[in-house]
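Taking it in order: structure first as structure tokens, then the write-up.
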Amino acid sequence: MSAKNRTVSGALGGFLGLVGMSAVAGILVTAAVAPAVALSGMAATNTINVFDSLPEYLSIDRLAQKSNIYASTNAEDPVGTRVLLASFYEQNRVDVPSDAISQFAKDAAIAGEDPRFMEHGGVDIQSSFNGAVQTLAGGETRGGSSITQQYVKNVLIQKCAVMTDADEAAACYDDATKPTADRKLREMRLAIGIEKKYEKADILRGYLNIAGYGGTVYGIEAAASYYFNTTALALTLPQAASLVSIVNNPVKFQLDRPASETNGAANGYANNKSRRDYILKEMLKYDKIAQADYDAAVATPVEPVITVPSTGCQTAGDNAFFCDYVIKILKNDVTFGATEEERLANFAQGGFNVYTTLDLDLQSTAVAALNANVPKTYNDWNIGGVVSSVQVGTGNVLVMTQNKDYSQDPDVQATGANYTSLNYNTDFAYGGSSGFQPGSTYKVFTLAEWLKEGHALTERVDSRRKSNWGNFQDSCLGVRNYDNDVPPFNPRNDSNEAGTNYSALQSTTGSINTGFIGMAKKLDLCGIRKTAELFGVHRADGTDLKQGAASVLGTNEIAPLTMAAAFAGIANNGMTCTPVAITKMISSDGTELPIPASTCTQSVEPGVAAGMQYAMKTVMTNGTATASNRNTSPRLPMIGKTGTTDGAKDTWMSGATTKVATVVGVVNVGGNNYKNQRSGRNNLFGKQAATARHRIWPIVMSAANAKYGGDDFPEASSNVINAVSVPVPDVRGKSMAEAKTTLEAAGFLFVDGGATSSELPAGTVASTDPAGGSASTRGATVTASSSDGTGVTIPSVIGKNEADARSTLTAAPFGFTVAKTEQPTTNKAQDGKVMAIQPGEGTAGRPGDAVTIVIGKYTAPAPAPAPAPAPAPGQDDGGNNGNNGQNE
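Read in order, the letters of the sequence shown correspond to residues 2 to 889 in the working numbering.
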């Protein structure tokens, strides 16, 4: 836009010649005299340089206007396949360029509001005076302010509208509209400055775009759409005049109150028509239209076609909660402004086309699956159902839905528990929900820490149920002990597993609580928390994650979307990407704007992630998620983990392929009247509530697998899977207490196997299983049996003849019962001699036990075969072309 230099005389529009007019003119003179005095010293330059510096907010290019949120069926082409979810605005406005506005509308505005607009320099004293006289005389009302002054006034009001403090906004509005000479003077000064900076066409465009057309309708484009279902460019002459009429007095002339007695359908919108016809007469007067055009327009009835725009996320239907999430991002993310005030101002200004990550195909599948399995209400149980899906490697939010109807209106919410404004999938700051306990799905972070610390999947831990777990290491808070808690810390397994020495793999596959507490005993509770945080896990309410022993089992309240992103990180070989919902954002002038980017972090090394994937695949194929696995088609390689909170209040199924991660939950979303989902009395649509997750998740992932595919997960290394084999210490003859200390120090779980017969002193270790000196995996159980002191040692009889052996074995103190077997031998020296004894020499036994001696019986060897005759010269020797019979 080119700046315009205007002279003092042009700016004041013949002001000095009007000084001697009536008292009405005197009022205007008083308001205008100060600029004239201020300019008197600038006659040499003949310019109005005092107005060179204008406030930035007076820019004609930035107005509050409508923004649009779109979703797509193709993430690669969000613009080309866009579908409008919703529009939102504080002022329904679409800012349009001058060439997108009908000439009828431009001419109507000038003729009706400021006939000398093209001649004056921002302040037209003559027109203002004439307008005042005409108004006092009772004629048609013409505003006393020029179009430029009206633009300035509207901008000042807009500045107030974006203020976040209500008192400041009210004071600002009063200052911008108060009927005082001081306010009028400031308005005139700014109007002259605007005229100096901008072309007339730009000022007129700014005026038509900023003006109010009744209610929340602002700007000529939105007004054309709302009142006549057309565009500003396509407005007819009578339509344009009707819209410009509204600007003069929106309450009196707006056309969306058909029941109005003074301006309604019954009287042909009489008020608006009267004002419209006046403007048409002015257009004819100033040669903007021909007589025939005037006659036809005046004869045309006022017939609005009210077209209410979709506004607010409630118009997004099944996608409303995702829409609300996007709006919260626009208001919260620092990408859109460093301060809350700046972000709110940008949001109010609007004019954005926001293209989102939502996959409408996958979303509609999730919505249908949720609606078919979780009702919106259930008697006195405020039941909730949630589904969140995230694309692996990008953080793109593909699915976000829940089993409620969206409404921000408290009156609507009061009509039923099916309505809510809370987004259960997100953090409090992005939807108002405080999150949910994820239950055993949280165990994967203890598994990650286990593998990070060099433990293997087949390594075993003490997994006996007890209330005296002893000390837990915590490098952040110091040693923790829960033995004296009330009620006592005494976790059990949901399926009452009786094992005492589960491996990490078994504990993951079967989701064994005591197994994971046993793993945590060997780890650092603070380390487990930090590993979870590396996967982007945080409490939904914004406070720090709790890290006590109970938290290992999933007692922190976390948003489903957070867990979906974490599982996507596991599937992405340990690289976790923060969730993002916006793929592109275009301003009203076509400029692509910066958007929040996903931040990807290597949460664990790929080798550790491969171990996690290995274990979580067994959850799908052999563990607690087999129902979800078998019902998914196509069945690609998948990882997963289930979760159930205390009392089966909340149930979860979380899992992923290498392409998409999905979290499904059936949860309690309010009050204490939750139901035990395992109870047969609490069925949902005739099926057990606890299994709803295993009906919903496969439906969503079947659609995801078909659309996005999936690859094999990397193979886990042997040292991640297999525990290190270490020798079992030989503790025979030691006291049981000493044996326990020795075995536990070597990394084994000591189990007292009770007393057994042994020649060793009573109370000492008689034997272990596995035996001392053999190899076993670290963490395995070693059962030690104590001697009862009654046993004897089988003496050595090998090499003796049968008679001597019997005599030795049957004599005191042994008194064994002897049995005999024979074994052929070609060694004459072993004929009739004891070759072996069962049990073996040196082993323990009781007097009277049976032993078996093995007696050699000589058998002559068979004669050697006669040698074969030598081959005749030239005869084949059976070789294979000189390669010694070896196949190549």
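Using N, Cα and C, we set each Cβ at its ideal position, and we do this for glycine too.
Simplified DSSP state of residue 525, which is helix, strand or coil:
Here residue 525 carries a strand assignment [DSSP, helix/strand/coil].
Anyone know if the C-beta pair for residue 89 and residue 386 falls short of 7 Å?
no
By DSSP's criteria, residue 832 is part of a beta bridge. Which residues make up the other side?
857
If we ignore side chains and look at the alpha-carbon of each, how far apart do residue 562 and residue 93 end up?
32 Å
List, from N- to C-terminal side, the alpha helix (DSSP H) runs of 4 residues or more that fit wholly inside the stretch 726-803.
Unbroken alpha helix (DSSP H) runs of no fewer than 4 residues, entirely contained in the stretch 726-803, are found at 737-746, following chain order.
Determine the contact status of residue 696 and residue 374, defining contact as a CB-CB distance below 7 Å.
yes
Would the stretch 604-616 and the stretch 449-459 be scored as touching if the rule is three or more Cβ pairs under 8 Å?
yes
Could I get the ranges of all uninterrupted alpha helix (DSSP H) runs contained in the stretch 577-640, with 4 residues as the minimum, in chain order?
Listed in chain order, the complete alpha helix (DSSP H) runs (minimum 4 residues) inside the stretch 577-640 are 607-623, 627-631.
Length of the line joining the Cα atoms of residue 359 and residue 582:
Computed Cα separation, rounded: 7 Å.
Throw me the rounded Cβ distance for the residue 256 and residue 270 pair, which I believe falls under 8 Å.
6 Å
With 16 other Cβ atoms within 10 Å as the buried cut-off, status of residue 895
Absent from the model: residue 895. The displayed extent of the chain is 2 to 889, so no value can be given.
Limits of the unbroken alpha helix (DSSP H) element including residue 564
Start and end: 561-572.
Could you tell me the alpha carbon to alpha carbon distance between residue 275 and residue 200, rounded to whole angstroms?
32 Å
If you scan the stretch 456-488 from start to end, which runs of the beta strand (DSSP E) of 3 or more residues do you find wholly inside it?
Within the stretch 456-488, no complete beta strand (DSSP E) run reaches 3 residues.
Quick check: residue 382 and residue 573, are their CB atoms within less than 7 Å of each other?
Residue 382 places its beta carbon 7 Å or farther from that of residue 573.
Are the stretch 694-712 and the stretch 469-477 touching, with three or more C-beta to C-beta distances below 8 Å?
Counting C-beta pairs with one atom in each stretch, the stretch 694-712 and the stretch 469-477 have fewer than three that are closer than 8 Å, which means they do not touch.
Once you ignore the five residues that flank residue 566 on each side, which residues in its own chain have a CB closer than 6 Å to its CB?
391, 537, 580
Run through the DSSP bridge pairs and tell me what residue 219 is partnered with.
213
Contact between the stretch 97-108 and the stretch 218-233 (3+ Cβ pairs under 8 Å)
yes
Give me, in chain order, the residues of the same chain whose beta-carbon lies closer than 6 Å to that of residue 517; leave out the 5 immediate sequence neighbours on both sides.
444, 447, 508, 553
Buried or exposed, going by whether 16 or more other CB atoms sit within 10 Å of the CB of residue 827?
exposed
Could you give the first and the last residue of the continuous alpha helix (DSSP H) run that contains residue 371?
Judged by DSSP secondary structure, residue 371 falls within the alpha helix (DSSP H) whose first and last residues are 361-374.
Which stretch, first to last residue, makes up the beta strand (DSSP E) that contains residue 83?
83-89
Spatial neighbours of residue 420 within its chain, please: CB distance less than 6 Å, with the 5 preceding and 5 following residues excluded, ordered by chain position.
406, 408, 413, 414
C-alpha distance - residue 677 paired with residue 384, whole-angstrom precision
Roughly 11 Å separates the two Cα atoms.
Beta-bridge partners of residue 846, as assigned by DSSP
793
Helix, strand or coil: how does DSSP classify residue 287 here?
coil
Per DSSP, which one or two residues make a beta bridge with residue 69?
88, 354
Alpha-carbon to alpha-carbon, residue 557 and residue 481
Their Cα atoms are separated by approximately 18 Å.
Endpoints, alpha helix (DSSP H) assigned at residue 392
Taken as a continuous stretch (DSSP letters only), residue 392 belongs to no alpha helix (DSSP H), being part of the beta strand (DSSP E) at 384-392.
Measure the beta-carbon distance from residue 68 to residue 353 and round it to whole angstroms, keeping in mind my assumption that it falls under 8 Å.
4 Å
Considering only the alpha carbon of each residue, which of 529, 679, 540, 543 lies closest to residue 550?
529
Simplified DSSP state of residue 252, which is helix, strand or coil
helix
Might you give, ordered along the chain, the residues of its own chain that have their beta carbon closer than 8 Å to the beta carbon of residue 701, omitting 5 neighbours on each side?
363, 366, 367, 370, 388, 390, 400, 663, 665
Going by DSSP in three states, residue 75 sits in which element: helix, strand or coil?
coil
Across the stretch 643-652 and the stretch 750-757, are there enough close Cβ pairs to call them in contact, namely three or more that are closer than 8 Å?
no
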